[in-house]
Amino acid sequence: MRNLLPFISSHPGGRSALTCRFRCGDACFKETPNNSDNEYAGDIIAGALSRRSMMRAAAVVTVATAAGTAALTGPSAPRAEAAALAGHGNKPGRPQKPGASGARGLRFSPVAPNKDDKVTVPDGYAQNVVIRWGEPILRGAPAFDPDKQTAKAQAGQFGYNNDFLSLLPLRGERGRQVMVANHEYTDEILMFRGYDPANPTREQVEIAWAAHGLSVVVVQEEHRTGKLGPVNRHPLNRRLTATSEFRMTGPAAGSTLLRTSADRTGRKVLGTLNNCAGGTTPWGTTLHGEENFNQYFANGTTAMHKRYGIGTGASERKWERFDRRFDLAKEPNEANRFGWVVELDPYDPDSTPRKRTALGRFKHEAAQPRLTSDGRPVVYMGDDEKFDYLYKFVSSKRMKKGNSRAAREHNLTLLDEGTLYVAKLTGDSPVKEIDGTGKLPNDGEFDGSGVWIPLATGTTSHVPGMTAEEVYVYTRLAGDKVGATKMDRPEDVEPSPRTGRVYVALTNNSDRGKEGKPGADEANPRNANKHGQILELAENWDDPTSDGFAWRLFLVAGDPDDPSTYFAGFPKSSVSPISCPDNVAFDAHGNLWISTDGNALGSHDGLFGVATHGDRRGELKQFLTVPTGAETCGPVIQDRRVLVAVQHPGEIDGASVEKPASVWPDGPGKIVRPSVVAVWRKDGRDIGV
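51 is the number of the first residue of the sequence shown in this note's numbering; add one for each residue after it.
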């Protein structure tokens with residue numbers, strides 16, 4: 051048996067203080083924004099028992115319809131094949147051939163936990179850097195020179211700290227795809243020599259504005275090797291930055307809550323900030339979540355600013371010195387124009403991206419739609435904050451098929467009309483069985499039922515005391531008022547295209563169980579939760595528009611030798627250690643791929659694949675690790691290629707341009723650069739088969 055891997059960081063998860071400072075404005079070390087006294091799951095578990103039989107029956111129908119397998123709330127069946135696997139040495143780090151045993155799509159040798167300053171991939175796989183921060187993608191943009199960087203140059207180059215990635219088909223251009231990338235945040239200490247945080251220059255600030263936002267870049271496959279590379283100056287290539295024009299749409303557009311002295315219409319916004327994860331729509335657009343936008347604003351003046359984590363003093367980057375819109379004492383509504391889901395049409399380089407107010411305003415991690423049986427999109431979303439909520443949006447419009455101009459124009463309105471909901475979860479075990487240690491209750495699983503509480507439909511509010519506009523702009527307050535369940539940082543939320551089940555990455559929550567804070571409940575079963583969990587949700591009758599669902603914890607992360615961990619019942623001697631699940635994606639086989647952020651087990655972050663169905667359900671393998679200080683982001687899982695965004699490499703306490711903590715990707719003497727990496731099998735066959 052392995053010794054428990056060490057917990058080596060005093061920060062939440064395994065993040066460095068530098069990452070906490072620039073990525074989220076030290077959110078975990080400030081007062082938790084959600085201090086509402088609404089009931090949380092622990093308060094309502096006792097009332098669930100009378101409904102237990104009913105909800106179990108609903109779960110049976112739900113999952114039988116979705117996948118023809120066992121119910122969500124049923125106990126795991128014995129796994130003879132998994133037991134045999136455990137006896138054949140299929141453990142992390144044990145060499146296996148690319149076609150070795152395992153769930154289909156996961157037949158590779160697991161990468162062992164490590165602290166190597168490189169991207170480590172399984173035996174039999176190869177990799178290349180697709181594109182780096184600063185590479186020119188627009189016509190006229192110069193080659194990257196970190197010592198001669200300008201805002202104009204950066205606005206034509208690939209942005210900083212790539213996160214969400216999407217690859218879309220490009221008809222008529224063989225071997226090419228359209229890649230869309232988020233650029234979540236800047237770390238000026240790692241970008242500029244001699245950076246003075248107390249006195250940034252205008253040039254540095256304007257470069258940072260240009261390094262935020264989104265990139266659209268066409269990529270070309272090298273046929274013989276599987277490598278990807280950018281097609282510089284392609285007509286579809288595009289940069290959207292903190293100063294580009296965006297349009298507010300939907301029921302809150304034009305609201306007085308969104309008007310400023312620079313935009314008295316409440317419909318035109320400059321920029322998008324802190325774009326984290328996102329989604330790809332069935333109609334060919336991409337969605338981008340504005341997450342930790344609060345940190346860019348100074349001098350918060352209202353209780354609502356505080357509810358959204360905005361401080362009362364200066365901001366970290368001091369942008370308010372160079373643009374009054376970042377000073378809320380002067381422009382109190384400017385922050386209300388951020389925290390939305392942005393929709394981008396990557397096939398139209400002249401289009402104006404839209405901020406969709408019908409999807410609510412909070413710290414959006416991601417937004418991934420699925421379609422109802424009659425063609426209406428349903429979008430699941432998480433608010434990445436300790437003790438905040440899980441949401442969904444159900445459109446009232448049906449998607450039109452095809453690529454005609456009329457169909458595309460119609461589909462670009464789908465996310466402006468519908469109903470916004472927030473989740474309330476109930477466990478089915480007695481309160482005394484949830485003791486905060488992660489010990490399974492007597493029924494063998496953390497599971498229960500839930501309801502979707504409507505918040506607003508169009509111009510109609512369902513929240514007493516709030517108008518519809520207030521619900522959309524102050525969505526967190528609406529969730530407080532209706533008693534939504536306080537979760538452990540709900541981040542990426544993805545429905546499985548194979549089964550319809552929805553998977554929620556809950557990254558961690560160091561405050562769970564602290565004095566004055568909510569204690570453990572069945573959906574969030576560990577106090578001082580540093581490793582996180584993944585929740586699996588099945589809508590009643592497999593209907594995405596349902597107002598009820600069954601749920602259970604699919605994975606409780608950590609070292610498999612830790613008794614508090616759980617891997618869907620799969621033998622823990624045969625899985626890789628995992629900590630702090632963040633972004634998730636699916637492959638064609640129905641496996642869930644998980645990228646991590648802040649590994650608290652002493653290893654670098656990585657990408658993992660886990661089977662979600664069949665006899666190997668819960669079998670989890672590590673596919674890659676990222677370099678020193680980096681986070682794994684934006685996974686795209688294609689049949690023959692995996693793409694990851696390597697974010698903030700070298701972001702270690704004490705590091706700077708002059709004293710780098712990493713030499714990735716270009717070696718000693720070169721500046722550390724966030725980059726996108728492609729991985730493929732050397733024999734050219736499909737990943738993991």
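Ideal Cβ placement from N, Cα and C applies to all residues, glycine included.
Contact under 8 angstroms by Cβ, residue i with residue j
i	j	result
T335	D395	yes
N211	P724	yes
L527	R731	no
L505	V521	yes
E589	G477	no
G276	R691	yes
A518	E467	no
E701	D647	no
V268	V180	no
V707	W714	no
G359	P568	no
G209	S265	yes
G206	L188	yes
N559	K405	no
P545	Q672	no
Beta-ladder partner(s) of residue i, from DSSP
i	result
D497	R602
Q177	V729
R526	Paired residue(s): none; R526 is not in a bridge.
K318	R297
R420	V428
D538	K436
G673	This sequence places Phe at residue 673; Gly is not what is there. DSSP lists no partner for F673.
F617	L605
P219	Q227
S511	A506
I740	Residue 740 falls outside the range modelled here, since the chain spans only 51 to 739, and no answer is possible.
P545	V552
E657	The residue you asked about is not Glu; residue 657 is Leu in the sequence shown. Answer is S645, L674, bridged to L657.
Extent of the continuous beta strand (DSSP E) run through residue i
i	result
V472	468-477
R289	288-290
A555	552-556
A231	226-233
K405	404-406
E697	The displayed chain sequence assigns Gln, not Glu, to residue 697. Where Q697 is concerned, the enclosing beta strand (DSSP E) stretches over 692-697.
H338	336-340
N577	Per DSSP, N577 belongs to no beta strand (DSSP E) and is neither H nor E.
N164	Where N164 is concerned, there is no enclosing beta strand (DSSP E), given that its DSSP letter is neither H nor E.
S645	642-646
G9	Summary: the structure shown does not reach residue 9, with the chain confined to residues 51 through 739, and so no result is reported for it.
Residue i (DSSP reduced to helix, strand or coil)
i	result
K147	Note that K147 scores 47 on pLDDT, short of 50, meaning its location in the model is unreliable; the coordinates nonetheless yield the value given after this. In this structure, K147 counts as coil in the three-state DSSP scheme.
I239	helix
E295	strand
C630	coil
I187	coil
S66	coil
M516	coil
I702	coil
M354	helix
P724	coil
I484	coil
I503	strand
A457	helix
W591	helix
Y397	coil
T662	coil
Y90	Legend: pLDDT at Y90 = 38, less than 50; position of this residue unreliable, value from coordinates given subsequently. Three-state result, Y90: coil.
D736	coil
T270	It is Gln, not Thr, that sits at residue 270 in the sequence shown. Of the three classes helix, strand and coil, the one that applies to Q270 here is strand, per DSSP.
F443	strand
Q28	The structure shown does not extend to residue 28, since the chain spans only 51 to 739, so no value can be given for it.
S624	helix
Whole-Å CB distance - residue i paired with residue j, under 8 angstroms assumed
i	j	result
E340	L323	6 angstroms
Q177	A260	So it is not a contact: roughly 29 angstroms between Cβ atoms.
D665	R539	Wrong, their Cβ atoms sit about 32 angstroms apart, outside the cutoff.
T678	S712	4 angstroms
E586	R551	6 angstroms
G659	G582	That pair is no contact at about 17 angstroms.
Residue-level contact to chain D via CB, residue i, 8 angstroms cutoff
i	result
G209	Here chain D cannot be found, since the structure has a single protein chain.
Continuous alpha helix (DSSP H) stretch holding residue i: start and end
i	result
R252	252-261
A203	201-204
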